[in-house]
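Participant: Just so we're aligned, residue -18 is where the sequence shown starts under our numbering, counting upward by one. Glycine included, every Cβ here is placed at the ideal spot set by N, Cα and C. This one's a predicted model, so the numbers in the text were calculated from it and none came from an experiment.
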Amino acid sequence: MAELLTFENLGNLLMLCFLQAVLGFDNLLYISIESQRAPVAQQKAVRFWGIIIAVALRIVLLFVMVSLLGSLTEPFYVFNWEGVITGGVNFATCVFVFGGAFIMYTAVKEISHMLSVEHLGHDVDAKSGKSATTVVLLIVFMNLIFSFDSVLSAIAITDVFPVLAIAILLSGLAMLVLADSVTEFLQKNRMYEVLGLFILLIVGVVLLGEAGVAASHAAHDDALAIHVFGYPLVPMSKTTFYFSVIVLFAVEIIQSGYSRKLAAERSGTQH
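#1: With contact counted as at least three CB pairs below 8 Å, one residue from each stretch, are the segment 139 to 156 and the segment 13 to 25 in contact?
#2: Is the segment 212 to 228 in contact with the segment 179 to 192, if contact means three or more CB pairs nearer than 8 Å?
#3: May I ask you to report which of helix, strand or coil DSSP gives residue -5?
#4: Nearest by alpha-carbon distance to residue 62: which of 219, 249, 208 is it?
#5: Would you tell me roughly how many angstroms separate the C-alpha atoms of residue 64 and residue 212, rounded to the nearest one?
#6: Per DSSP, what kind of secondary structure is residue 213 in: helix, strand or coil?
#7: Secondary structure at residue 65, three-state DSSP: helix, strand or coil?
#8: May I ask you to report which of helix, strand or coil DSSP gives residue 44?
#9: So, with DSSP's three-state summary, where would you put residue 166?
#10: Residues bridged to residue 198 by DSSP?
#11: Please go through the same chain and pick out, in chain order, the residues whose beta-carbon is closer than 7 Å to the beta-carbon of residue 338, but skip the five residues on each side of it.
#12: Do residue 175 and residue 92 have their C-beta atoms closer together than 8 Å?
#13: Cα separation between residue 158 and residue 33?
#14: Give me the Cβ distance between residue 71 and residue 83, rounded to the nearest whole Å; I'm assuming they're in contact under 8 Å.
#15: On the DSSP bridge list, what partners appear for residue 117?
#16: Excluding the 5 residues preceding and the 5 following residue 160 in the sequence, name in chain order all residues of the same chain whose CB lies nearer than 7 Å to its CB.
#17: Relative to the alpha-carbon of residue 153, which residue among 24, 35, -11 has its alpha-carbon at the smallest distance?
#18: Buried or exposed, going by whether 16 or more other CB atoms sit within 10 Å of the CB of residue 249?
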């Protein structure tokens, strides 16, 4: 135990907590939006148990990845169809492709649903169509998808399992504390839920980009990077992602303010 209490491990723990906070934003957003699909009376319990189970499974995932890192990162197939698709595929590639496609499908489906609803009240009722168990399972599953890149990044910082596990537990505690507040904010400010769905759509694109370089980064071989029709499948940087999120929020805030100003002017003109 004493050998764990070093400045190096403490520094790594602080770095990991920061990393989990940065990479956990999209995860928390998904949890807040998806939990609203459960029956209203069970939404808080869904968020709680979804996060608890997901954090427990994330630690199991971490243990498996630390134990089997070599076999998980080695490419098991290499595309060599020149001019169409080239590059290597490993376990991480499959996770990112499936997770990215699923998130994009979910976001597009929910946006389409919002556009098809005639009355806001009907929309609120319709959102409670999934069972609590289904929503918990979705939250747990997507939490593992979101956590895959953060676990890989964490292992790159340190291979001390207790330090990694503590960082994951602290990030889970932070999600438990913030999940209800984020959900309440989205419920009171419905326009931001649409914004959140578009952010999730971008997250799906980010994960698909990560799939393109997962095998090449793991094997440290640029030749394994995936190219589609001769173009590299390049991931969006976290800086670009967060800049896009900031721009989207800025546009929404400015547009909301302008709409209120127009409404006030029209109201004054009518009087």
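Facilitator: Quick answer:
#1: Using a C-beta cut-off of 8 Å, the segment 139 to 156 makes no contact with the segment 13 to 25, since fewer than three inter-stretch Cβ pairs fall below that distance.
#2: These segments touch.
#3: Helix at residue -5.
#4: Of the candidates 219, 249, 208, the one whose C-alpha sits nearest the C-alpha of residue 62 is 208.
#5: The alpha-carbon atoms of residue 64 and residue 212 are separated by roughly 9 Å.
#6: DSSP places residue 213 within a strand segment (E or B) once states are collapsed to three.
#7: For residue 65, the three-state secondary structure derived from DSSP is coil.
#8: If DSSP states are grouped into helix, strand and coil, residue 44 belongs with the helices.
#9: DSSP places residue 166 in the helix class (H, G or I) of the three-state scheme.
#10: When DSSP reads this structure, residue 198 sits in no beta bridge, so it has no partner.
#11: For the chain, the structure presents residues -18 to 252; residue 338 sits outside this window and is missing.
#12: Yes, they are a contact pair.
#13: Distance between residue 158 and residue 33, taken at the CA atoms: about 12 Å.
#14: Not confirmed; about 19 Å, so no contact.
#15: The partner list for residue 117 (beta bridge, DSSP) is empty, contrary to what the question assumes.
#16: Within the same chain, Cβ atoms closer than 7 Å to the Cβ of residue 160 are found at 9, 12, 13, 28, 32, the five residues on either side in sequence being excluded.
#17: The residue with the shortest Cα to Cα distance from residue 153 is 35.
#18: Residue 249 comes out exposed.
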